[in-house]
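J.: I'd like to ask some things about the structure below.
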Amino acid sequence: MRERAFTVGGRAFTVRARTWVVLLAVGFALCQLTAVTGRATPDTKNYVSYALTLGGAGVRESAAGAIDHYCGSRAATAERDRSVDVVRFRAPSPAGRVAEECRRELWRKVDRRLAAGQTGGPIAPFTSARFLRIFEVRPGYPVFLTPFVTVFGVTWGVWLASVLIAAAGGVLAFLVLRAVRAPVPVALTGQALYYVLPCGATAMRPMTEGLLLALTLAALWGCALAARGRPRAGALLVGGASAALFTVKHSQALFLGVCLTGACAVVAVRGARRESGAGVEPWVRVVGAVSVGAVVGTLLLARLLRYPAATESLQDLLTDHFTRPDRARPWPEFLHLEVDFWVEWGRRQLTQPLFLTALAAGAWGAVRQRPVFGWFVVAGACTGLLNQAGHPDITIWGDRLIVVAWLLPVLGLPLLLERLTAPRASLDVVTAS
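Residue numbers (the numbering used here): 1383 to 1815.
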């Protein structure tokens, strides 16, 4: 029986390939049913409150929804910890007590700030207006979240939104690899790696990282399409992903633009050396122009909208979210912390070198198998390193801040398998791209 083919992004896929893509995504989603609650972080309540406000809730209603979700998550975590505690596993469940204490503490803070007149802004006043301003300039994730929490309620709405974001990231990894002519088994391996490596788990957290990962992959898909002779579609994807990133976290849009510009420069220089006298390929110019535009546009728009400046971000980092007095000389202190952070980060990584090994193998696979596109994969991963460098907080080292760097093994490791799955003649063609 012949398999019908369909086309996505200019590439033909068989029904069997599509079925496997769906099965992997559905399998991942079903696994997430084991933890519908328990993933929230302190920042989650800010995003949930923002989403509820966008859905028409008042300040107290949005605070109530965010507090119930966050405290319910803490209670679920406490219950799971108790069930495997070698001393307390027979003790009564602490869930009720933890939830009640959490709600009481948060409502005390909210009521105090409301009474003091902190009623403006789209986020309930869990903390100072200065700190909440950092989240107010990130409407992308709350906008995405709003229809889910409006229709399904906060708990299931947040979970469904997270599942869709995480599953979409895996599908995008598949599409990126297929766009550079990787065989279907290789592309499916990339999708599976996205789900099982920290990308999948981090994307499931109700925060911005899932969208950051998906939009970075969308930009890389655009680069791949441009390299394969579709510069207009590629430019639209890169530009659209950069614009969306600006609404999710504008610093990440800046990092992506800078890194993609660097990749274009590397590709142009390598091409000039390989073919003396040859000009820069048109698609590289297109992607480079869009990337430079993203950098300039991000800087200008952030300034026009009066987004918190880099110095404000430093003060947030060095004063524990503005709970301590501002530092008089934040930049020297930041640079000192930066050096100490990477020394300690490197020491910890060398004791368990899985991440460094995965990065090295991913870079080798991407650049060796796709000498041109591989540099864009490296560039995408570098945005995670830059994000971590901008927030040298050792309490979350190697986790969500640097998670975009895991896209390097997600896309690079499958390409190392390509020689085992593709005929030699095919390899001679694809490795030239």
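Even glycine gets a Cβ: it sits at the ideal position worked out from N, Cα and C.
So the alpha helix (DSSP H) A1608 belongs to, where does it begin and stop?
T.: Looking up residue 1608 in the sequence shown gives position 226. Per DSSP, A1608 belongs to the alpha helix (DSSP H) from 1591–1609.
J.: Applying the criterion that 16 or more other CB atoms from any shown protein chain within 10 Å of the CB defines a buried residue, is R1472 buried or exposed?
T.: Here residue 1472 refers to the residue found at position 90 when the sequence shown is read from its first residue. When all chains shown are included, R1472 counts as exposed.
J.: With C-beta atoms as the reference, is R1456 less than 8 Å away from C1413?
T.: The residue you call residue 1456 lines up with position 74 of the sequence shown. The residue you call residue 1413 lines up with position 31 of the sequence shown. No, the Cβ-Cβ distance between R1456 and C1413 is not below 8 Å.
J.: Between A1543 and A1596, which are expected to be in contact by the criterion C-beta below 8 Å, what is the C-beta distance as a whole number of angstroms?
T.: By 1-based counting over the sequence shown, the position of residue 1543 is 161. By 1-based counting over the sequence shown, the position of residue 1596 is 214. In fact, because the Cβ distance is near 12 Å, the residues do not count as touching under 8 Å.
J.: Might you give, ordered along the chain, the residues of its own chain that have their beta carbon closer than 6 Å to the beta carbon of D1810, omitting 5 neighbours on each side?
T.: Within the sequence shown, residue 1810 is the residue found at index 428, counting from 1. With a pLDDT of only 46 at D1810, under the threshold of 50, the placement of this residue in the model should not be trusted; the figure read from the coordinates follows. So no residue of the chain qualifies.
J.: If the criterion is Cβ atoms closer than 8 Å, does the pair Y1771 and V1786 meet it?
T.: By 1-based counting over the sequence shown, the position of residue 1771 is 389. By 1-based counting over the sequence shown, the position of residue 1786 is 404. Reading off the sequence shown, one finds Ala at residue 1771, where the question assumed Tyr. No.
J.: Under the three-state reduction of DSSP, which class applies to L1696: helix, strand or coil?
T.: Counting from one through the sequence shown, the residue named residue 1696 turns up at place 314. Note: L1696 maps to helix in three-state DSSP.
J.: In chain order, which continuous runs of the alpha helix (DSSP H) of length 4 or greater are located wholly inside the segment 1528–1574?
T.: Taking only runs of at least 4 residues, the alpha helix (DSSP H) segments lying wholly in the segment 1528–1574 are 1536–1561.
J.: Alpha carbon to alpha carbon, what distance is there between A1692 and Y1429?
T.: As a position in the sequence shown, residue 1429 is number 47, starting the count at 1. As a position in the sequence shown, residue 1692 is number 310, starting the count at 1. If you take the alpha carbons of Y1429 and A1692, they lie about 21 Å apart.
J.: I'd like to check one pair, P1791 with L1575: are the Cβ atoms closer than 8 Å?
T.: Position 193 of the sequence shown holds residue 1575. Position 409 of the sequence shown holds residue 1791. Taking 8 Å as the Cβ cut-off, L1575 and P1791 qualify as a contacting pair.
J.: Does the Cβ of I1776 have 16 or more other Cβ atoms within 10 Å, making it buried, or fewer, making it exposed?
T.: As a working mapping, residue 1776 is identified with position 394 in the sequence shown. Burial call: exposed.
J.: Using the Cα positions of V1649 and L1699, report the straight-line distance between them to the nearest angstrom.
T.: The count along the sequence shown starts at 1 and reaches residue 1649 at position 267. The count along the sequence shown starts at 1 and reaches residue 1699 at position 317. Each residue's alpha carbon lies about 36 Å from the other.
J.: Leaving out five residues before and five after V1566 in sequence, what residues of the same chain have Cβ atoms less than 7 Å from its Cβ?
T.: The residue you call residue 1566 lines up with position 184 of the sequence shown. Here the set comprises A1399.
J.: Assign G1437 to one of three DSSP states: helix, strand, or coil.
T.: Along the sequence shown, one-based indexing puts residue 1437 at 55. Of the three classes helix, strand and coil, the one that applies to G1437 here is coil, per DSSP.
J.: Cutting at 8 Å between CB atoms, please list the residues of its own chain near V1760, excluding the five before and the five after it.
T.: As a position in the sequence shown, residue 1760 is number 378, starting the count at 1. Cβ neighbours of V1760 beyond the five flanking positions: A1645, A1745, A1748, V1749, L1790.
J.: Please state whether DSSP places G1616 in a helix, a strand or coil.
T.: Taking the first residue of the sequence shown as position 1, residue 1616 is located at position 234. In this structure, G1616 counts as helix in the three-state DSSP scheme.
J.: Alpha carbon to alpha carbon, what distance is there between A1417 and G1438?
T.: Residue numbering aside, residue 1438 sits at position 56 when the sequence shown is read from its first letter. Residue numbering aside, residue 1417 sits at position 35 when the sequence shown is read from its first letter. Taking the straight line joining both Cα atoms gives about 28 Å.
J.: Using a Cβ-Cβ cutoff of less than 8 Å, which residues in the same chain neighbour G1582 once the five nearest sequence positions on both sides are dropped?
T.: To locate residue 1582, count along the sequence shown from 1; it is residue 200. F1410, A1548, G1551, G1552, Y1576.
J.: Please return the same chain residues whose Cβ sits closer than 8 Å to the Cβ of L1741, not counting the five positions on each side in sequence.
T.: Working through the sequence shown from its first residue, we reach residue 1741 at position 359. Cβ within range, chain order: A1763, A1787, L1790, P1791.
J.: Can you tell me whether E1482 is buried or exposed, with buried defined as 16 or more other CB within 10 angstroms of its CB?
T.: Translated into the one-based positions of the sequence shown, residue 1482 becomes position 100. So E1482 counts as exposed.
J.: Note down the Cα distance separating S1465 from P1476, rounded to an integer number of angstroms.
T.: Mapped onto the sequence shown, residue 1465 falls at position 83. Mapped onto the sequence shown, residue 1476 falls at position 94. If I take the Cα positions, the gap works out to 10 Å.
J.: By how many angstroms is the C-alpha of R1486 removed from the C-alpha of S1673?
T.: Position 291 of the sequence shown, counting from 1, holds the residue named residue 1673. Position 104 of the sequence shown, counting from 1, holds the residue named residue 1486. Each residue's Cα considered, the two are about 47 Å apart.
J.: Tell me whether W1603 is buried or exposed, calling it buried when 16 or more other Cβ atoms sit within 10 Å of its Cβ.
T.: As a first step, residue 1603 is located in the sequence shown; it is residue number 221 there, counting from the start. W1603 is buried by the Cβ-count criterion.
J.: Do the segment 1604–1624 and the segment 1504–1519 make contact, defined as three or more Cβ pairs closer than 8 Å?
T.: Verdict: no, contact absent.
J.: Given this structure, state the Cα-to-Cα distance separating V1536 from V1545, to the nearest angstrom.
T.: Reading the sequence shown from its first residue, position 154 is the one you call residue 1536. Reading the sequence shown from its first residue, position 163 is the one you call residue 1545. The straight-line gap from Cα to Cα measures roughly 14 Å.
J.: I think P1774 touches F1723, with their Cβ atoms under 8 Å apart; what is that distance to the nearest whole Å?
T.: The residue given as residue 1774 occupies position 392 in the sequence shown. The residue given as residue 1723 occupies position 341 in the sequence shown. Their Cβ separation, rounded to whole angstroms, is 4 Å, which keeps P1774 and F1723 in contact under 8 Å.
J.: In the DSSP assignment, find the unbroken alpha helix (DSSP H) run with A1497 in it and report its ends.
T.: To locate residue 1497, count along the sequence shown from 1; it is residue 115. Where A1497 is concerned, the enclosing alpha helix (DSSP H) stretches over 1477–1497.
J.: Please state the DSSP three-state secondary structure of Q1734.
T.: Mapped onto the sequence shown, residue 1734 falls at position 352. Q1734 falls in the coil class under three-state DSSP.
J.: Quick one: residues in its chain with C-beta nearer than 7 Å to the C-beta of L1799, no 5 flanking neighbours on either side, listed in chain order?
T.: Reading the sequence shown from its first residue, position 417 is the one you call residue 1799. The answer, listed in chain order, is V1568, T1571.
J.: From the DSSP output, in three-state form, read off H1703 for me.
T.: Start at 1 with the first residue of the sequence shown, and residue 1703 comes out as number 321. DSSP places H1703 in coil when its eight states are reduced to three.
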